[in-house]
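Participant: One structure is given below, represented as structure tokens, and several questions about it will come after.
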């Protein structure tokens, strides 16, 4: 449950996140000793980090889909702590156009073209 008067505001840069790219989450509120931040994909934890002494966190996302960043208080090595703030991170496919023939005979040339909305990192396959 999120506190009703949470002063913490998570901000994502860039605000639009493309598959196989990096983004930076920032917050202005001072971190407390047992604060942690977590990246989830399809509701499952992908990675996490302690927040103490930090006010930003770099993430690398994979395939397109529904991600979320959760800032948690009172976390520990055996506890997820209390959800303090959550930020949905919809990760988009950078492919805006894809063109390929429906059928090709064996031995014929195959021509495929695509347009990307953004540059993406290693590991992205169209």
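Residue numbers (my numbering): 31 to 156. Note that the Cβ used here is the ideal one computed from N, Cα and C, for glycine as well. Fair warning: this is a prediction, and the values are worked out from it, not measured in the lab.
1) Can you name, in chain order, every residue of its own chain whose Cβ lies under 7 Å from the Cβ of residue 76, other than the five neighbours on each side?
2) For the candidate residues 48, 147, 59, 109, whose alpha-carbon lies nearest to that of residue 78?
3) Applying the criterion that 16 or more other CB atoms from any shown protein chain within 10 Å of the CB defines a buried residue, is residue 86 buried or exposed?
4) Using DSSP with H/G/I as helix, E/B as strand and the rest coil, what is residue 57?
5) Measure how close the beta-carbons of residue 90 and residue 43 come, nearest whole angstrom, since I'm counting them as under 8 Å.
6) Measuring only the C-alpha atoms, how far is residue 123 from residue 54?
7) Please state whether the Cβ-Cβ distance between residue 48 and residue 103 is less than 8 Å.
8) Check this for me: beta carbons of residue 66 and residue 98, under 8 Å apart or not?
9) What are the boundary residues of the beta strand (DSSP E) that residue 127 is part of?
10) Using DSSP with H/G/I as helix, E/B as strand and the rest coil, what is residue 100?
Facilitator: With the structure as the only source:
1) 69, 70
2) 109
3) exposed
4) coil
5) Contact flag wrong, Cβ pair sits at about 14 Å.
6) 18 Å
7) no
8) no
9) 125-129
10) strand
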